[in-house]
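The working numbering puts the sequence shown at residues 31 to 303. Using N, Cα and C, we set each Cβ at its ideal position, and we do this for glycine too. Below is one structure, written out as structure tokens, with a few remarks after it.
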Amino acid sequence: MQSLNPDDQSSVIQLVQETAHRHLLHGGTQAADQKSDGSWVTATDHAMQWDLQVGLAERFPAHGFLGEEMDLAAQEAAWRECLDGRPTWVVDPLDGTSNFRVGFPVFSVTVALLVGGQTIFGVVFDPSRDECFHASRDGGAWLNGERLSLANEPRQDLKSCLATVDFKRLPRDVATHLACDPPYGSQRSIGSVALDWCWVAAHRVQVYVHGKQKLWDYAAGQLILHEAGGASADLDGELDYLDRPLEPLPRSAVAATHVELLEDWLGELRAES
């Protein structure tokens, strides 16, 4: 498995931070268009993606690029090249556009490097809090230079956990169960999939569920969580492993700070699905 050397990692982190500072910190509401899947896109999404694509191409001219705002044919072509072995950057230039467009300051930039469909490096940057999460395969997870290690955190029962839950995309019976008979202590929904993953990695929340997310939403965050010591699966109970290629199709995601908690969380979710 290829890796990205520390200097190249630092260069990518700097690119992500500088691009975000240039485009995302001016505040205020933004004009937006609604895409066919119901999500929102602004001119800032496109500007961010262009600057990241150009910056990554300058640094890594042999690498491919797959961005959320590319058309489907270009995304599919980039994914085929990735599976054939071309190192490919998978990018969501603005994760949390619905928040950003109305001035709600919870959004992020997420960038992941995949080889053969497996993530080997990932960055999630939250410009509003100036928090940069990153991880490399077998190299640990980090927040602003401090290592994230869930092994050092106290373990909690599900009933005392803080959960992030995206009700909108869950099966109706699962969403109804969680709303009417919640198995956790309390629940939030922050509106940035990438930050959901990272906040579990940082132990800010302990469990997470989302019914439908795409490759660019989770490629970096999933690596960050696993390198921090967390665990994840889908709603069918299929566990995630870093040595298994990711899938381009939308998928559900269930995550927890440790595998025993994940099993309890899945038990609650699958009982109603």
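| query | result |
| --- | --- |
| Neighbourhood of S33 by C-beta distance below 7 Å, restricted to the same chain and skipping five residues each side | I150, S166, R167 |
| Among L225, K242, G241, A283, nearest to R234 - alpha-carbon criterion | L225 |
| CA-to-CA distance, L82 to L45, given in whole angstroms | 7 Å |
| Through-space distance from C112 to T72, alpha-carbon basis | 27 Å |
| Closest residue to H51 among F137, Q252, N35 (Cα-Cα distance) | F137 |
| Host beta strand (DSSP E) of C210 (start-end) | Run containing C210: none in the beta strand (DSSP E); it sits in the alpha helix (DSSP H), 202 to 210. |
| Close-in-space but distant-in-sequence residues of the same chain around L54 (CB under 6 Å, 5 per side omitted) | P157 |
| In DSSP terms, what H164 is bridged to | V153, W172 |
| Beta-bridge partners of R281, as assigned by DSSP | Q243 |
| C-alpha distance - A193 paired with D114, whole-angstrom precision | 38 Å |
| For S128, the residue or residues it bridges with in DSSP | Answer by DSSP bridge pairing: none, since S128 is not bridged. |
| Alpha carbon of F197 to alpha carbon of A283, nearest angstrom | 13 Å |
| Buried/exposed call for C18, threshold 16 Cβ in 10 Å | As shown, the chain starts at 31 and ends at 303. That puts residue 18 outside it, with no answer to give. |
| Span of the beta strand (DSSP E), counted from its first residue to its last, around R218 | 216 to 218 |
| Assigned secondary structure, F259 (DSSP; H/G/I helix, E/B strand, else coil) | In the sequence on display, residue 259 carries Gly and not Phe. Three-state DSSP puts G259 in coil, outside helix and strand. |
| For P123 and D75, the rounded distance between their alpha carbons | 6 Å |
| With 16 other Cβ atoms within 10 Å as the buried cut-off, status of E106 | exposed |
| Helix, strand or coil at G221 according to DSSP, with G and I counted as helix | coil |
| CB-CB length for H288 against G259, believed under 8 Å | 7 Å |
| Rounded C-alpha distance that separates D160 from V239 | 25 Å |
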